[in-house]
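Quick note on the UniProt record's numbering: the sequence shown kicks off at 882 and runs consecutively. Glycine is no exception: its CB is placed at the ideal position from the N, C-alpha and C atoms. These notes concern the structure reproduced below.
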Amino acid sequence: AGGGRLCACRFYSSEDSLQLSAEKEIENRMRAALDAGEFAIYLQPKLDLRTDAVVGAEALVRWIDPVRGLVPPSDFIPLFERNGFVVDLDLCVFEQVCALLRAWIDGGRRPVVLSVNMSRAHLADPCFLGRYEEIRRRHDVPASLIEIELTETLVFEDPVGLGRVIDELHAAGYSCSMDDFGSGYSSLNVLKDIDVDVLKLDRVFFDAVDADTGRGAAIVDIVIELARRLRMRTVAEGVETREQAAFLKRAGCDMIQGYLFSRPVPPVEFERLAFGDSFG
Ligand code: C2E
Ligand code: CA
Ligand code: CA
Ligand code: CA
């Protein structure tokens, strides 16, 4: 038995060091990759459930590595959250979003609101807004076209800091959304203190609704109604089936985002979806 244990230990630690060396390699390359423009944005459309029009999109980062190809955020965001690099990455994403909005305005298009994810790491920096504002002003785009997604877990980690960040963002003209609502240990009570404009309902909310027309559906109904009374718009995330979309529409949800309509796509492809470009 002792031998088995030792074995398991050795196995564990070699796995561990394998992961550590993979992480070391990423850490050695991340700065150069950022400078080389390897972090690109993909856009996932948000669809208005009443009009079926594309009314916005979320910018999601992709690492386009010349060797490894397209790397999903799950492979590097957790590491970048730990080592702090996520701050620079978020700003790089924000810069690309501003540049794209500027290009749309210059091209005579009616721009749609783009949302960006803001990591918890920004909350620790009292000057975070200045960095965002410098970029936005340089591209000369209105803050009203930009929505900042903040994740639900922050409500528990640092509610005071989160409230302050939301107030600052609002004062500068941005809208704010609560990302992943319902994925953690959310209590409806947090909505009392957290003044966001948009509630993004996590798919755990309506995932089971297909099969279960009772309890799950009742909860979604109530949360959407509550959001409406608090004057928040609602986006359901991760919508994959027509049944889910139909149910969410009946429940009064404003927008859907998910594979049913489109995966995250490169900006040129998004322009085709949103502006109906038929060339290219
Ligand atoms: P998120 O903010 O919750 O983004 C939604 C994720 O759900 C995206 O994964 C998206 O591709 C995926 N998704 C969309 N529709 C569906 C669907 O119908 N079904 C399923 N199963 N999934 C769907 P992605 O792009 O891999 O991003 C994962 C997470 O990485 C994001 O979750 C976000 O937390 C983080 N992330 C992505 N880009 C950034 C960024 O620029 N900055 C920061 N700080 N985090 C980012
Ligand atoms: Ca998000
Ligand atoms: Ca989310
Ligand atoms: Ca409001």
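Taking a C-beta distance under 9 Å as the contact criterion, V1104 and Q1138 do not qualify as a contact pair.
Looking at the DSSP output, D971 bridges to nothing. Secondary structure of N998 (DSSP, three-state): strand. Counting along the chain, F920 sits inside the beta strand (DSSP E) bounded by residues 920–929. A direct Cα-Cα distance of roughly 17 Å separates W985 from I1016.
Here DSSP, grouped into helix, strand and coil, assigns E1033 to coil.
Taking 8 Å as the cut-off, one finds no heavy atom of ligand 1 near enough to the beta carbon of V1101. One alpha carbon belongs to R1112, the other to I1027, and they sit about 18 Å apart.
Collapsing the DSSP output to three states places E1124 in a helix. Nearest Cα to G1157 within the set L915, A934, F920: A934. Counting other Cβ atoms within 10 Å of its Cβ, E939 reaches 16 or more and is therefore classed as buried. Between I1047 and V1077, the beta carbon gap of about 7 Å places them in contact (Cβ cut-off 8 Å).
The straight-line gap separating the alpha-carbon atoms of N964 and K1081 is approximately 27 Å.
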